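Accompanying notes for the structure given below.
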Amino acid sequence: MDQHSASDIAQRLGSRAEAVCRQYLSNGRREGRYWLVGDVRNTPGRSLYVRLVDMHNGPAGKWTDAATGEHGDLLDIIAVTQGCRTFAETLAEARRFLSLPSDTIADVTPRRCRPPGRRGSQAAVRRIIRATDPLVGSIAADYLRTRAIHHLEGIDALRSHRRLYYRHSKEESFGTAKNWPALIGIVTDLDGSSTGVHRTWIDPATRAKAPVADPRRSMGQLLGHAIRFGTPHDVMIVGEGIETLLSLHEVMPDMPMAAATSSAHLAAFLFPPLLHRLYIATDNDDAGRLATTNLAERARHLDIEVIPLVPKGGDFNDDLQDGGADALAAHICDQLCDVDRSLIRQAYL
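Using our numbering, read the sequence shown as starting at 162 and increasing by one per residue.
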């Protein structure tokens, strides 16, 4: 009889989640408390996220693929990546991994589980926020104007950083500048405490995104949280990107909104306690539509009314840039409940 049950093996894998991901999902990377990769087959990308530490919403080692809705544990990852034909083969491979010499495991595991590492991530978030300037009048505001976004007064969740360090990816030349101006989005939980930051590096010469491989990155505890514009009560809009929500804010400045920063995080957005009606600003791609479906299903289980908002183009910033604010307001107005149409800026009614 086996000494360890399948559930025990799964728990042991979860306690070494980052080591497992580095071994079997090597095309991904750590971002905050999650490992991001394209899918369970180790395809490069960001749709699948693995929880690396125990959190209030579940234990380490659990994963969700926002593009497909699939979810599972690390035994599933091992089974698919190793082509195991039976569950017995999967358990055998897991046992082989768990029996690695202790110095091999220790070489990876402490970087994940020691408390100073987690504190360091939050300390880095706080350092970035402390180094920022107000948005209005900044280079970050100039960047947003290149995206046809102009109404920025009172948006405290967005800040500007004059020189933020950019860490090169493995695909980039080391000649790339290390410091760029950046738009900083402050990610907060339902209590308003900052949990992470979203960074968009900016080219000071063009005021467009910086010419780097990955001009948008996030750090900190992101899942379930968001960059928030206004305080929601019974109704709000949630979507993926900052520019998407700011485009809607251009024509609906009094509607509370939240940017979840990605399709994976949108699907896991945590609902404010008084919420009764949720508009979901959907990105017009497979990942965006699936995230909307998954979030809507969760909301309806809580008796929250769900209304998807669908752009004409790829997202609502595309609509704003292509057609202007008047056309965007008219398109949105047709999708709102009657009671919420008064929230559209009067100039566009």
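Glycine included, each C-beta is placed from N, C-alpha and C at the ideal position. Remember, it's a predicted structure, so these values are computed and weren't measured experimentally.
Check H359 in the structure and name its three-state DSSP category. Here H359 sits in strand by DSSP.
Anticipated Cβ contact below 8 Å, I363 with A301, distance rounded: Contact holds; Cβ gap of about 7 Å.
Is R346 helix, strand or coil by DSSP? According to the sequence as given, residue 346 is Gly; it is not Arg. In the structure shown, G346 adopts extended strand secondary structure according to DSSP, grouped into three states.
Distance, Cα to Cα, H329 vs W224? In a straight line, the C-alpha of H329 is about 27 Å away from that of W224.
With distance defined between alpha-carbon atoms, name the residue in L427, S354, D215 and A318 nearest to Q172. If we check each option's Cα against that of Q172, D215 comes out closest.
CB-CB length for W341 against A374, believed under 8 Å: So it is not a contact: roughly 13 Å between Cβ atoms.
Could you tell me which residues DSSP pairs with L319 in its beta bridges? In the DSSP output, where bridge partners are listed per residue, L319 has G346.
The alpha helix (DSSP H) spanning D303 covers which residue range? Its alpha helix (DSSP H) spans residues I300 to T307.
V297 classed as buried or exposed, judged by whether at least 16 other C-beta atoms fall within 10 angstroms: In the assembly as shown, V297 is an exposed residue. Its beta-carbon has fewer than 16 other beta-carbons within 10 Å.
L174 vs L235 beta-carbon contact at 7 Å: Yes; because the gap between Cβ atoms is below 7 Å, this pair is in contact.
Bridge partner(s) assigned by DSSP for I310: Answer is none; I310 lacks a bridge partner.
So what's A374 in DSSP terms, helix, strand or just coil? A374 falls in the coil class under three-state DSSP.
Closest by CA to Y195, which one among T204, L435 and A178? Restricting attention to T204, L435 and A178, the CA atom closest to the CA of Y195 is found in A178.
What residue from I316, G475 and T367 has the CA that sits closest to G346's CA? Closest in alpha carbon position to G346, among I316, G475 and T367, is I316.
Which residues share a DSSP beta bridge with L439? Bridge partners of L439: M397 and V467.
Could you give the distance in angstroms between the alpha-carbon of A491 and the alpha-carbon of D476? If I take the Cα positions, the gap works out to 15 Å.
As assigned by DSSP and simplified to three states, the class of V241: Residue state, collapsed to three classes: helix.
Shortest alpha-carbon distance to G484 belongs to which of T443, D499, R308 and T453? Nearest C-alpha to G484 among T443, D499, R308 and T453: R308.
Going by CA-CA distance only, name the one from F258, D501, V241 and R287 that's closest to A381. Reading the sequence as shown, one finds Gly at residue 381 and not Ala. When each option's Cα is compared against that of G381, the closest is R287.
Check the DSSP bridge columns for T422 and list the partner residues they point to. Per DSSP, none; premise fails for T422.
If we call anything under 7 Å between Cβ atoms a contact, is E404 one with H312? With contacts defined as CB atoms closer than 7 Å, E404 and H312 fail to qualify as a contacting pair.
Between which residues of its own chain and Y440 is the CB-CB distance below 6 Å, once the five residues before and five after are set aside? Counting only residues of its own chain and dropping the five nearest sequence neighbours on each side, Y440 has a CB closer than 6 Å to the CB of I398, I468 and L470.
Once DSSP output is grouped into helix, strand and coil, what is the label at I290? I290: helix per DSSP, three-state reduction.
Reduced DSSP secondary structure (H/G/I, E/B, other) of S379: Three-state result, S379: strand.
Return the CA-CA distance between G385 and L497, expressed in angstroms with no decimal places. Cα to Cα, the separation comes out at about 25 Å.
Sub-7 Å separation of T349 and S379 beta-carbons: No, the pair does not count as a contact, with Cβ atoms beyond the cut-off.
Can you tell me whether G353 is buried or exposed, with buried defined as 16 or more other CB within 10 angstroms of its CB? Exposed is the label assigned to G353, since fewer than 16 other Cβ atoms lie within 10 Å of its Cβ.
By alpha-carbon positions, which one of S282, R461 and Y327 ends up nearest to P376? Comparing alpha-carbon positions, the option among S282, R461 and Y327 lying closest to P376 turns out to be Y327.
V214 lies in the alpha helix (DSSP H); which residues open and close that run? Segment: none, V214 is in no alpha helix (DSSP H) and carries neither H nor E.
Where P434 falls, given that 16 or more other Cβ within 10 Å makes a residue buried: Exposed, since its Cβ has fewer than 16 Cβ neighbours within 10 Å.
Out of curiosity, what's the CA-to-CA distance linking N445 and S168? Those two C-alpha atoms are separated by around 39 Å.
Is the distance from the Cβ of L197 to the Cβ of R207 below 7 Å? A contact, by the Cβ cut-off of 7 Å.
What residue from P414, G357 and E231 has the CA that sits closest to A428's CA? Here the closest residue by C-alpha is E231.
Which partner residues does R191 have in the DSSP bridge list? Its beta-bridge partners are W196.
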